[in-house]
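S.K.:
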Amino acid sequence: PTQHLNYLMAACDQRGQVVAFDFVRNRFWLVARTGVAGTCMAFNALQRRELLVGFSDHSIACFNIETSQLVARLPVYHQSTPFALSTHPSRALAISCAASEAIFWDTERWDRRRSTDPDLILRRSTKSALPKPNDDESDDNDDDDEHQLMDGEGVFAVSSDSQHLVYCGRMPYLQHYSIPEHVHVNTLHVPVLANALVIEATFLAQTTVLVLLTSQGHVHFVDIEAKRLMGSLRGQHFFKRMAASPDGRLLATVLLDQRNSITLMGLSDLFEPEPERRHPAAAAAAAVNTVDPDQLDAALDRVATSQRHTKPVVVVTPTDSLSQMIYRATSTQSSDADAKRRIDAKRIRRFLAFFGEYPSRYRPLIWRFMAQLPENRRAYEALVEMGTHPSYATPVFRKLYPIKSEKLARLTQKLLSALAHWSPLFGELPYLPILVFPLIRLYRGDLISCFELCCTILTNWCHRWFEYFPHPPLGVLDILQDLLNHHDAAVAEHFRSHQVGPQIWAWSLLKTFFSRAFQSQPWHRLMDHLMTHPSPHRLYFITLAYLIAHRATLLKITETDDFTYFFARNNASDLSQILQLAQRLADRCPAYLHPDSILPGFEPLPQGSYPAFNAYPKFIVNYQQKLRQEIEEDETALWQRRHLAEQVKALEAELHRDQRAWERSDWQHPDRMDAWWRHMQQQEDDHAAKQAQWQAAEQNLRAAAMRRVADARHSF
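Using the UniProt record's numbering, the first residue of the sequence shown is number 1, and each one after it goes up by one.
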């Protein structure tokens, strides 16, 4: 990552809330809530965690942005509101400027050292930088040297090397002075400043490029040495305040219509353009006094303002144009000439060097381009058609690697089987699924690119890893041991004294490709740098940088189990620091120890078919395959015998159940017969009783009828 990613930024609002922003950790936090509007602020050059803030009540305070504590509150000597603060680059001094006076402060005792004459009214200065340190204490004896200033409201800007001073007034002219020579150099006419007042001016880093913010809300860039208007930032939004980063790569601005947000704009593409891609409008701006203002917007067509409001910091990047270019270059319908014209590896490396990572949406495309994947579709399909490899059969694979997603599990099994069919070695590596699984998650929609990327990694970054299979790569580990002895002898001696070899502190990181050492997003950033600079030695220097970054923790560990646990888990790491340290280690490494003198360079996969991979002890792999086949045959026979025994046991259990059922039914038969007989007898008795009742009723009816007949005869 570039240097600006390590910078911190601070901001203060009208309510006196001081907020710090950390670009590396992508976070912001509240430092102080003062209740008084802030007017200016500056970081202490000697104590980078200290922030000086000037307030509208004429006071100045210093805060520690890490602990959010008040370090000091300076005595109120200003008679008006301070509007500029600056600290000395090498001494404990600071200067604060107000409309009534300028005061030198001692930042060790936090007291006033001296002040200017109150009768000398200073004009508004956007950057009151202290001159460079001299041996004769020149910063304390500057009262006798004065410059005559033009009347009227204006601003000053002092270059970071204290060589140039520029005064900007109401007129469209810039007055250029030489500070060491105390002379007026020239007057620059800037037509775009007509009818506008410059309210802020600052130089960009160690350059002579002056950034001007006008009352119209526009930002202009002027090179005072080349006498050239480099461009302007103008659009539907207008700017209210601005501040440039120390390296000149970032410009922080506050918009007039969006005062609750800060916009960060990258300026590298503007001030370091490619010669073949410079816009004609930029070449037309030959001189400041002849430039056409209507042509300036075209020169900044790669600088766009993001309109997102979901995050506190908005960074303007050329992501869209880069992604479209990569898509066109990697499309199968594009010719080689078109791809060369639309994209080149150097531009991608510059993009990564500036932003530190690739856009997640287009990361697979960029990796595919940088790895020069051939897309041998027929060869890949031939490997896939071989089916599932015995080493990754479904029951065993699902038991060893219980992946929750069914689709992801099938893709992983399919890719590992293709790798095992390509080379029998990859059916024997127990750590291969852990190595390729993060790539499968990234390329789940493009499995052929994932397969070829895995092959590229295994044949380049994993070169000489399998010479001593199934043991760790002793040759590679010896290289790392020598590098650690050279770059950090204390850590190497600590490992030796506790009998911790590179099999623990190096191989546990390498065999997983750091996928267990970092979370998903940092691991993707790490792979961005490895794929952009495809040299195997970078992986080994990153391993050393990881150890040195955690040396304080490692030197306190004394138990072997604790070492193993440390290298097998995800530790909190600053990836930017590790990458920078790895680059420094590679630059300082002597030639006789450098891995490049031992390991070959990057070789992409060839077109048409995949090369045979046999850089491993074939007799061991063949023996393991034969042994596995015998074990599988024995397991099959054992399973058959076990299955037959289970069938016999099931049949025996069924016979026992039938016998018990028969015995139970035979024992219950007499009781059922007796119950049935009793039931029949009861029914017979009931039937006889009913017949007797019916006969009695019939006799009664007949007797009554005879009596009625007899009575009838007697009456006649």
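A virtual CB, placed ideally from N, CA and C, is assigned to each residue, including glycine.
With a threshold of 16 other CB atoms inside 10 Å of the CB of Asn134, please say whether the residue is buried or exposed.
M.R.: Position 134 of the sequence shown holds residue 134. With a pLDDT of only 41 at Asn134, under 50, the local geometry of the prediction cannot be trusted, and the value read off the model is given with reservation. Exposed.
S.K.: How should Gly248 be labelled, buried or exposed, when 16 other C-beta atoms within 10 angstroms of its C-beta is the threshold for buried?
M.R.: Counting from one through the sequence shown, the residue named residue 248 turns up at place 248. It is buried - the Cβ of Gly248 has at least 16 other Cβ atoms within 10 Å.
S.K.: Around the C-beta of Tyr565, are 16 or more other C-beta atoms found within 10 angstroms, so that it is buried, or is it exposed?
M.R.: Sequence index remark: in the sequence shown, residue 565 carries index 565 (1-based). When all chains shown are included, Tyr565 counts as exposed.
S.K.: Are the CB atoms of Glu181 and Thr208 nearer to each other than 7 Å?
M.R.: As a first step, residue 181 is located in the sequence shown; it is residue number 181 there, counting from the start. As a first step, residue 208 is located in the sequence shown; it is residue number 208 there, counting from the start. The answer is no: Cβ separation not under 7 Å.
S.K.: Just reading off the beta strand (DSSP E) that Ser90 is part of, what are its end residues?
M.R.: As a working mapping, residue 90 is identified with position 90 in the sequence shown. Taken as a continuous stretch (DSSP letters only), Ser90 belongs to no beta strand (DSSP E), as it is neither H nor E.
S.K.: In or out: Ile631 buried (at least 16 other Cβ within 10 Å) or exposed?
M.R.: Looking up residue 631 in the sequence shown gives position 631. Ile631 should be labelled exposed.
S.K.: Restricting to Cα atoms, I'd like to know which of Ala42, Gln47, Ser68 is closest to Ile60.
M.R.: For the purposes of this step, residue 60 is taken as the residue at position 60 of the sequence shown. Of the listed residues, the one whose Cα sits closest to Ile60 is Ala42.
S.K.: Taking 7 Å as the limit between beta carbons, can you name the residues of its chain near Cys168, skipping five residues before and five after?
M.R.: Translated into positions along the sequence shown, residue 168 becomes position 168. Cβ neighbours of Cys168 beyond the five flanking positions: Gly154, Val155, Leu174, Val198, Ala201, Leu212.
S.K.: Quick one: is Thr67 buried, meaning 16 or more other Cβ sit within 10 Å of its Cβ, or exposed?
M.R.: For the purposes of this step, residue 67 is identified with residue 67 of the sequence shown, where counting begins at 1. The residue is exposed, with fewer than 16 neighbouring Cβ atoms inside 10 Å.
S.K.: Tell me, please, which residues DSSP counts as bridged to His184.
M.R.: Counting from one through the sequence shown, the residue named residue 184 turns up at place 184. His184 is bridged to Tyr177.
S.K.: Please say whether Thr39 and Thr81 have beta carbons closer to each other than 7 Å?
M.R.: Within the sequence shown, numbered from 1, the residue matching residue 81 stands at position 81. Within the sequence shown, numbered from 1, the residue matching residue 39 stands at position 39. Closer than 7 Å, so yes.
S.K.: Sorted by chain position, which residues of the same chain lie with C-beta nearer than 6 Å to Gly427's C-beta, five sequence neighbours on each side aside?
M.R.: For this step, residue 427 is matched to residue 427 along the sequence shown. Here the set comprises His389, Ser391, Ala420.
S.K.: Is the CB-CB distance between Val19 and Ala32 below 7 Å?
M.R.: Mapped onto the sequence shown, residue 19 falls at position 19. Mapped onto the sequence shown, residue 32 falls at position 32. Going by C-beta atoms, Val19 is not nearer than 7 Å to Ala32.
S.K.: Could you please give me the residues that DSSP links to Ile103 through a beta bridge?
M.R.: Along the sequence shown, read from residue 1 onward, the residue named residue 103 stands at position 103. Answer by DSSP bridge pairing, in chain order: Ser96, Ser115.
S.K.: Quick one: measure Cβ to Cβ for Phe567 and Leu484, integer angstroms, because I've assumed they're closer than 8 Å.
M.R.: Walking along the sequence shown from the start, residue 567 turns up at place 567. Walking along the sequence shown from the start, residue 484 turns up at place 484. In fact, because the Cβ distance is near 14 Å, the residues do not count as touching under 8 Å.
S.K.: For my contact list, Pro246 and Ala205 are in at a C-beta cut-off of 8 Å; report their separation, rounded to the angstrom.
M.R.: Walking along the sequence shown from the start, residue 246 turns up at place 246. Walking along the sequence shown from the start, residue 205 turns up at place 205. Going by Cβ atoms, the distance from Pro246 to Ala205 rounds to 6 Å, so yes, they are a contact pair.
S.K.: Between which residues of its own chain and Leu233 is the CB-CB distance below 6 Å, once the five residues before and five after are set aside?
M.R.: On the sequence shown, residue 233 is found 233 positions in, with the first residue counted as 1. Excluding sequence neighbours, Leu233 sits near Val219.
S.K.: Output the distance between the C-alpha atoms of Lys346 and Gln163, rounded to the nearest integer angstrom.
M.R.: As a working mapping, residue 346 is identified with position 346 in the sequence shown. As a working mapping, residue 163 is identified with position 163 in the sequence shown. Whole-angstrom Cα-Cα distance: 35 Å.
S.K.: Would you call the CB atoms of Leu453 and Leu439 closer than 7 Å?
M.R.: Numbered from its first residue, the sequence shown carries residue 453 at position 453. Numbered from its first residue, the sequence shown carries residue 439 at position 439. Yes, Cβ-Cβ distance for Leu453 and Leu439 is below 7 Å.
S.K.: Counting only C-beta atoms, is Gln699 closer than 7 Å to chain C at any point?
M.R.: No chain C appears in this structure, which consists of one protein chain only.
S.K.: Assuming Ala92 and Thr116 are in contact, meaning their beta carbons sit under 8 Å apart, how far apart are those beta carbons, in whole angstroms?
M.R.: Locating residue 92 in the sequence shown gives position 92, where the first residue counts as 1. Locating residue 116 in the sequence shown gives position 116, where the first residue counts as 1. Actually they do not touch by this definition, with Cβ atoms about 20 Å apart.
S.K.: For Ala94, is the beta carbon positioned less than 6 Å from some heavy atom of the ligand MN?
M.R.: The ligand MN is absent from the structure shown, which contains no ligand whatsoever.
S.K.: Over the uninterrupted beta strand (DSSP E) stretch that includes Thr207, give me the two end residues.
M.R.: Stepping through the sequence shown from its first residue, residue 207 is reached at position 207. From DSSP, Thr207 is part of no beta strand (DSSP E); its letter is neither H nor E.
S.K.: Report the three-state DSSP secondary structure of Tyr167 (helix, strand or coil).
M.R.: Mapped onto the sequence shown, residue 167 falls at position 167. Looking at Tyr167 - three-state DSSP - the assignment turns out to be strand.
S.K.: Between Arg377 and Ile448, what straight-line distance do the alpha-carbon atoms span, to the nearest angstrom?
M.R.: Here the question's residue 377 lines up with position 377 in the sequence shown. Here the question's residue 448 lines up with position 448 in the sequence shown. For Arg377 and Ile448, the distance between alpha carbons rounds to 7 Å.
S.K.: Around the Cβ of Glu357, are there at least 16 other Cβ atoms within 10 angstroms (buried) or fewer (exposed)?
M.R.: What you label residue 357 is simply residue 357 of the sequence shown in a count that begins at 1. With 16 or more Cβ atoms within 10 Å of its Cβ, Glu357 is classed as buried.
S.K.: Roughly how many whole angstroms lie between the Cα atoms of Ala615 and Tyr468?
M.R.: Looking up residue 615 in the sequence shown gives position 615. Looking up residue 468 in the sequence shown gives position 468. Going from the Cα of Ala615 to the Cα of Tyr468 covers about 10 Å.
S.K.: Could you pull the DSSP bridge partners for Pro82 from this structure?
M.R.: Along the sequence shown, read from residue 1 onward, the residue named residue 82 stands at position 82. For Pro82, which the question treats as bridged, DSSP gives the partners Ala98.
S.K.: Looking at the unbroken alpha helix (DSSP H) that takes in Val192, where does it start and where does it end?
M.R.: Against the sequence shown, residue 192 aligns to sequence position 192. Where Val192 is concerned, there is no enclosing alpha helix (DSSP H), because DSSP gives it neither an H nor an E.
S.K.: Could you check what DSSP says for Glu630 in three-state terms: helix, strand or coil?
M.R.: Position 630 of the sequence shown, counting from 1, holds the residue named residue 630. Glu630: helix per DSSP, three-state reduction.
S.K.: For the segment 455–469 against the segment 591–606, do three or more pairs of beta-carbon atoms, one drawn from each stretch, fall closer than 8 Å, so that the two count as touching?
M.R.: yes
S.K.: Taking the alpha carbon of Ile504 as the point to measure from, which residue in Leu530, Leu477, Pro522 has its own alpha carbon closest?
M.R.: Position 504 of the sequence shown holds residue 504. For Ile504, the nearest C-alpha among the options comes from Leu477.
S.K.: Could you check the C-alpha separation between Leu425 and Asp482 for me, to the nearest Å?
M.R.: Along the sequence shown, read from residue 1 onward, the residue named residue 425 stands at position 425. Along the sequence shown, read from residue 1 onward, the residue named residue 482 stands at position 482. Approximately 29 Å, taken between the alpha carbons.
S.K.: Measure the alpha-carbon distance for Val384 versus Phe513 and round it to whole angstroms.
M.R.: The residue labelled residue 384 in the question sits at position 384 within the sequence shown. The residue labelled residue 513 in the question sits at position 513 within the sequence shown. Cα to Cα, the separation comes out at about 25 Å.
S.K.: How would you write the range of the alpha helix (DSSP H) that Ile440 sits in, first residue to last?
M.R.: On the sequence shown, position 440 is the one that residue 440 refers to. It spans 432–442 - the alpha helix (DSSP H) in which Ile440 sits, taken as one unbroken run.
S.K.: Tell me the DSSP bridge mates of Cys40?
M.R.: Translated into the one-based positions of the sequence shown, residue 40 becomes position 40. Assignment of beta-bridge partners to Cys40 by DSSP yields Gly54.
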